[in-house]
Amino acid sequence: MAITLLNPSGLPQIDAYSQVSVASGSRLVFVAGQVSWDAEGVTVGEGDLAAQVERCYLNVATALAEAGATLADLAKLTVYVVDWTPDKMPLLMEGIARAAATLGGAPAPPATLIGVAALDVPEHLVEVEATAVID
Numbered sequence: 313m314a315i316t317l318l319n320p321s322g323l324p325q326i327d328a329y330s331q332v333s334v335a336s337g338s339r340l341v342f343v344a345g346q347v348s349w350d351a352e353g354v355t356v357g358e359g360d361l362a363a364q365v366e367r368c369y370l371n372v373a374t375a376l377a378e379a380g381a382t383l384a385d386l387a388k389l390t391v392y393v394v395d396w397t398p399d400k401m402p403l404l405m406e407g408i409a410r411a412a413a414t415l416g417g418a419p420a421p422p423a424t425l426i427g428v429a430a431l432d433v434p435e436h437l438v439e440v441e442a443t444a445v446i447d
């Protein structure tokens, strides 16, 4: 593995992500922000945050696979959510759990969640950007 995830004892232990990732690989993989489009560019889960989160994570996994990487190679995720409020956290976590059930596990690298006013089109509620490191 090119990525080692750490949770230092002086920082809170968060289930959804790790506090630190240490990369020892030699190739970086940058995945553009993935929205809830299917392969034909049709929005999946319009109006459903959990469904869109799930699709975003599936799209990240597809992009990583094309580069020869897996979710285990993720060094960092950035998640952009339209009109974010903390009460949306259960829907975000549900979408991640659904993706994990399909993919056989959920990525838990360091992550940043950013609330935004809007994304590329009004139908998109979330976008997930990823960086991975592979040998």
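The number in the numbering used here is simply the position in the sequence shown, starting from 1, with 312 added. For every residue, glycine included, the Cβ atom is placed at its ideal position computed from N, Cα and C.
Pairing residue 404 with residue 365 gives a Cβ-Cβ distance under 8 Å. Per DSSP, the unbroken alpha helix (DSSP H) holding residue 415 starts and ends at 401-415. Taking the Cα of residue 353 as reference, the smallest distance to any Cα among 447, 376, 435 and 443 is reached at 435. Under a 10 Å Cβ-count criterion, residue 377 is classified as exposed, with fewer than 16 other Cβ atoms of the shown protein chains found around its own Cβ. For the pair residue 375 and residue 350, the Cα-to-Cα distance works out to about 13 Å.
A straight-line Cα-Cα distance of about 15 Å links residue 362 and residue 328. If you look at residue 372, you'll find it in the alpha helix (DSSP H) that goes 361-378.
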